[in-house]
Amino acid sequence: MDYIVLNRSYEDVVTYEEAAAHLRIWDEEEKAYVESLIAAAIGSAEAYMKRFIGVTEVAFSIPVFNAVLPFPDLLSLNNIMYVDPDTGAEITLDGSTDYKLDRYKKKVTFTQGVIPSRVQRLDVNASFGWGGANVPPNVKHAVLMLVATLYEMREDATVGQGVTVTKVPITHKYLLNPYRFYSI
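Last residue of the sequence shown: 259 in the numbering used here, with the numbers rising by one and none dropped.
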């Protein structure tokens, strides 16, 4: 499924101060670099878990006949719209009268007759994620571990004296596994 990230906020997931304390960095000389590692670690964790950690506004399309949201942790369904096949006008649906959202099944059910039968696709704008205070401790610690790994091992493998090769640890994945999203 194709989607576009319109806006994302992950500053409150892991702050620079938390990462610096985890890395035992006492000055701000590498602040920009560490912040880039935080962004990379969060992005990597999100890709691995197939869900958003920080509050993320996303635009995507879903078929009318199977209106299932593609991501878990829905924060808000900002709007659902379609293009009227007769007039070409963009029609925005009203959440209080035109559809119901089943948060458990992540499915949108439409009021009968609201959408013309020839409409095949709906354009959706929604926000997903946990946001700072709701991020599970395992996920937060996994991000910190990944930041530390990226900071200490700036290459895929380190070679010492041309004899030993140390692979980058993947312990953070064990912390993320319980939160990994599997679509059915």
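Glycine included, every Cβ here is placed at the ideal spot set by N, Cα and C. These numbers come from a predicted model, not from an experiment.
With a Cβ-Cβ cutoff of 8 Å, do residue i and residue j count as a contact?
| i | j | result |
| --- | --- | --- |
| PRO253 | ASN213 | yes |
| ALA217 | ALA120 | yes |
| PHE135 | MET228 | no |
| ILE79 | VAL139 | no |
| LEU251 | MET124 | yes |
| ILE128 | VAL210 | yes |
| LYS175 | ALA142 | no |
| THR54 | GLY204 | Outside the displayed span of the chain (76 to 259) sits residue 54, for which this structure offers no information. |
| VAL89 | LYS215 | yes |
| LEU150 | ARG178 | no |
| TYR91 | LYS106 | yes |
In the DSSP output, which residue or residues are listed as bridge partners for residue i?
| i | result |
| --- | --- |
| ASN27 | Lying outside 76 to 259, the shown extent of the chain, residue 27 is not represented and no answer is given. |
| GLU132 | ASN82, SER202 |
| ILE166 | TYR157 |
| ARG196 | PRO138 |
| VAL143 | LYS182 |
Considering just the uninterrupted stretch of the beta strand (DSSP E) at residue i, what are its terminal residues?
| i | result |
| --- | --- |
| LEU176 | 174 to 177 |
| MET124 | Segment 106 to 124 is the alpha helix (DSSP H) holding MET124; no beta strand (DSSP E) there. |
| LEU150 | 149 to 158 |
| LYS182 | 182 to 185 |
Could you pull the start and end residues of the alpha helix (DSSP H) that residue i belongs to?
| i | result |
| --- | --- |
| THR246 | 246 to 251 |
| GLU92 | 91 to 98 |
Would you say residue i faces chain B, with C-beta separation under 8 Å as the test?
| i | result |
| --- | --- |
| PHE185 | No chain B appears in this structure, which consists of one protein chain only. |
Below 8 Å on the Cβ atoms is my contact criterion, and I expect residue i with residue j to pass it. Report the Cβ-Cβ distance as a whole number of Å.
| i | j | result |
| --- | --- | --- |
| PRO147 | ARG126 | 5 Å |
| THR186 | THR167 | Between THR167 and THR186 the Cβ distance is about 14 Å, and since that is not below 8 Å, they are no contact. |
| THR184 | MET220 | About 41 Å; that fails the 8 Å criterion. |
| VAL109 | ILE117 | Going by Cβ atoms, the distance from VAL109 to ILE117 rounds to 13 Å, so no, they are not a contact pair. |
| SER202 | ASN154 | The pair is not a contact, with the Cβ atoms about 11 Å apart (cut-off 8 Å). |
| LEU260 | ALA115 | Only positions 76 to 259 of the chain appear in the structure, and residue 260 is not among them; the question remains open. |
| LEU98 | ALA223 | 6 Å |
| ILE137 | VAL199 | 6 Å |
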